[in-house]
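Here the structure is laid out as structure tokens; the discussion comes afterwards.
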Amino acid sequence: MQHTVLPIDITDAIIDELDVNADKKSLASVSLASRTLCARAQARLFQVIDLNPICCPSLNSKRYTYFKELLIESPGLRQHVRKLSIGDFSLAFSGTPYKCQHHAKDDLHMLSGEIMEGCFIEKVQSLPFILDMLPRVEHFAINSQYASPLVWGKLPVASRYAIATFIQQNSITSLHLNMLKNAPSSFIIKIAHLSQLISLRLENIHVDPEDVSHLTNLTKSSLTNLRELWLVPESPSPYNINLLGALILQAARDTLERFTWYSWTCLFPPINVGISRNLKTLSLQIWGRPFSVGIQPFLEQLMYGEQATLEIIELRAMQLIFDEGLKGTREDWSDFDDLLQHSVFSKLMEICLIEYYRPPYEHELPVNIFLKSMFPKTCARGVDFTLVEMYLQ
Numbered sequence: 408m409q410h411t412v413l414p415i416d417i418t419d420a421i422i423d424e425l426d427v428n429a430d431k432k433s434l435a436s437v438s439l440a441s442r443t444l445c446a447r448a449q450a451r452l453f454q455v456i457d458l459n460p461i462c463c464p465s466l467n468s469k470r471y472t473y474f475k476e477l478l479i480e481s482p483g484l485r486q487h488v489r490k491l492s493i494g495d496f497s498l499a500f501s502g503t504p505y506k507c508q509h510h511a512k513d514d515l516h517m518l519s520g521e522i523m524e525g526c527f528i529e530k531v532q533s534l535p536f537i538l539d540m541l542p543r544v545e546h547f548a549i550n551s552q553y554a555s556p557l558v559w560g561k562l563p564v565a566s567r568y569a570i571a572t573f574i575q576q577n578s579i580t581s582l583h584l585n586m587l588k589n590a591p592s593s594f595i596i597k598i599a600h601l602s603q604l605i606s607l608r609l610e611n612i613h614v615d616p617e618d619v620s621h622l623t624n625l626t627k628s629s630l631t632n633l634r635e636l637w638l639v640p641e642s643p644s645p646y647n648i649n650l651l652g653a654l655i656l657q658a659a660r661d662t663l664e665r666f667t668w669y670s671w672t673c674l675f676p677p678i679n680v681g682i683s684r685n686l687k688t689l690s691l692q693i694w695g696r697p698f699s700v701g702i703q704p705f706l707e708q709l710m711y712g713e714q715a716t717l718e719i720i721e722l723r724a725m726q727l728i729f730d731e732g733l734k735g736t737r738e739d740w741s742d743f744d745d746l747l748q749h750s751v752f753s754k755l756m757e758i759c760l761i762e763y764y765r766p767p768y769e770h771e772l773p774v775n776i777f778l779k780s781m782f783p784k785t786c787a788r789g790v791d792f793t794l795v796e797m798y799l800q
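Pasting the structure below:
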């Protein structure tokens, strides 16, 4: 029987349609049913691997074992993985029962401390093998949760070595680390010299207090190709990531296009964004502090830098703080509006409020209308005011 071979553009269109609609089950079925579509379907299926979903800890740990075995049995899949996310290696629940909340109400169950520790061991035993088998990962993330940070010293030596080695491979251009505790200075120094990075996101990175003195040897960064930098200093911390951030900004002053900064404890920015020569987007938090503390210092730095490149300002706020906190701060916002008339902001096109809230929730006044009333001069210049709503679970 003669088989008809579909043109490549047709097979690509089929896979693209399934991928756009996030139809993973259909992609999996296609990979099994059609030899012609198998390779392309597998490439899409394994392009993004998240080993840290919000699910039962015992199921989460089995994902590591299953994925490791899959890579061993089907080595051709290794080349497809472009994004890898790991995390939640905490032993926070060890020794005490944990009531799993990730099942239907009739299937809730208790996990003992021994079971939780067994889940941890299962993950960290598989991790070095997994990382060693993925040569083409471009984005790597450690996404630990606030309640269960990754404590570096609790990882086995093999896992620590595997992570420190993995982030240095040339294919990785995007790195996201969240809730990492007691990181050694040697690991931080490695990050500062990952010259292949285009995007770096460091959230709540805590350096080992006994090792922090060694960071005084870090006087230069090699991140000369970086386009996006996201810094959220850990609170409280004797080091945070201020020194590292300043060195990175200096190294990436010609390439950096987006800078994000959130800090609850640092009243004034310890780093100078004004040295950036190509900054397009500045993203800041505005909850918990007035304009003169949370925003003005950054704008003044840009004014002193005299580089008219900024196009977008993002302001992030929580719902209640936004409504209650901004009503009595019209003078602050008037100062903000006045500063934006400086020539360095001549290319500004958009002010975007990113608001986090839990539904149901309604404002007394539409946010974009409220913002326009606070920025009459900027609004008159034709700058857009937009709102992005982020629902909190």
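Everything in the sequence shown is counted per this note's numbering, starting at 408 for the first residue and increasing by one. Every residue, glycine too, gets a C-beta built ideally from N, C-alpha and C. As the structure is a computational prediction, the values presented were derived from the model and not from experiment.
Out of the options, state which residue places its alpha-carbon closest to the alpha-carbon of residue i.
i    : options                : result
K627 : L747, Q714, A658       : A658
Q486 : A450, L477, L458       : A450
Y798 : Y763, R470, T623       : Y763
N459 : V488, T580, K530       : K530
S608 : P616, I598, E617       : First, the residue type needs correcting, since residue 608 is Arg and not Ser in the sequence shown. Among P616, I598, E617, the Cα nearest to that of R608 is on I598.
Y711 : S620, L746, L794       : L746
T667 : R634, D744, W740       : R634
P591 : I761, G789, M523, I612 : I612
K490 : S481, D457, G520       : D457
L654 : T623, Y669, R665       : T623
C445 : M756, L778, L484, I528 : L484
L478 : L452, L794, M540, P563 : M540
S465 : F752, G525, N577, G560 : G525
W740 : L778, C759, K469       : L778
S750 : L625, I758, R788       : R788
N589 : V564, E610, G560       : G560
D495 : N585, E476, F573, I761 : N585
E796 : Q748, E718, A724       : A724
I493 : P482, F474, E480, S481 : F474
R665 : I719, A548, I678       : I719
Q532 : A548, E480, E476       : E476
A548 : S555, R567, I574, A565 : I574
Which of the three DSSP states is assigned to residue i in this structure?
i    : result
R665 : strand
K627 : coil
S465 : helix
L689 : strand
R447 : helix
K754 : coil
T793 : strand
P788 : In the sequence as displayed, the identity of residue 788 is Arg instead of Pro. Correct three-state label for R788: coil.
V564 : helix
D744 : helix
I456 : strand
S683 : coil
A659 : coil
M781 : helix
S670 : coil
L638 : strand
S492 : strand
G732 : With a pLDDT of only 47 at G732, under 50, the local geometry of the prediction cannot be trusted, and no value is derived from it.
I678 : coil
N428 : With a pLDDT of 49 at N428, under the threshold of 50, the modelled position of this residue cannot be trusted, and the question is left open.
I702 : coil
E718 : coil
E762 : strand
Please work out which residues of its chain come closer than 6 angstroms, Cβ to Cβ, to residue i, disregarding the five sequence neighbours upstream and downstream, and give them in chain order.
i    : result
K734 : Residue placement at K734 is flagged as unreliable, the pLDDT there being 49, under the threshold of 50; the coordinate-derived value follows with that caveat. Hits under 6 angstroms: none found.
F782 : D744
C786 : K779
F792 : I758, N775, L778, K779
S468 : C526, E529, K530
V455 : K490
Thinking residue i and residue j are a contact (beta carbons under 8 angstroms), I'd like their distance in whole angstroms, please.
i    : j    : result
L406 : F705 : Nothing can be reported for residue 406, as the shown portion of the chain is limited to 408 through 800.
L534 : A569 : 6 angstroms
L537 : Y471 : In the sequence on display, residue 537 carries Ile and not Leu. Right, the Cβ-Cβ distance comes to about 7 angstroms (below 8 angstroms), so this counts as a contact.
S551 : S581 : Rounded, the Cβ-Cβ distance is 18 angstroms, inconsistent with contact.
K784 : D742 : Going by Cβ atoms, the distance from K784 to D742 rounds to 11 angstroms, so no, they are not a contact pair.
L557 : L587 : 5 angstroms
I702 : L691 : 6 angstroms
S670 : Q714 : S670 to Q714, Cβ: 23 angstroms. No contact.
V680 : L656 : 7 angstroms
Leaving out the 5 sequence neighbours to the left and right, which residues in its chain are closer than 8 angstroms to residue i when beta-carbon positions are compared?
i    : result
E731 : With a pLDDT of 48 at E731, under the threshold of 50, the modelled position of this residue cannot be trusted; read the value that follows with caution. Counting only Cβ-Cβ distances below 8 angstroms, and skipping sequence neighbours, we find nothing.
T631 : S602, A658, A659, D661, T662
S629 : A599, H600, L601, S602, A658
E545 : R489, K490, S578, I579, T580, S581
L625 : S592, I595, I596, A599, L650, L651, L654
I604 : The residue you asked about is not Ile; residue 604 is Leu in the sequence shown. I579, T580, S581, L582, L630, N632, L633.
K687 : E664, R665, T716, L717, E718, I719
Excluding the 5 residues preceding and the 5 following residue i in the sequence, name in chain order all residues of the same chain whose CB lies nearer than 7 angstroms to its CB.
i    : result
D618 : P591, S592
V790 : L755, M756, E757, I758
S753 : A715
Requested in this report: Starting from the N-terminal side, write out each stretch of the alpha helix (DSSP H) that is 4 residues or longer and does not extend beyond the stretch 515-559.
Outcome: 520-539
Query raised in the report: For the stretch 572-616, which segments carrying the alpha helix (DSSP H) assignment without a break, of at least 4 residues, lie completely within its bounds, in sequence order?
Result: 592-599
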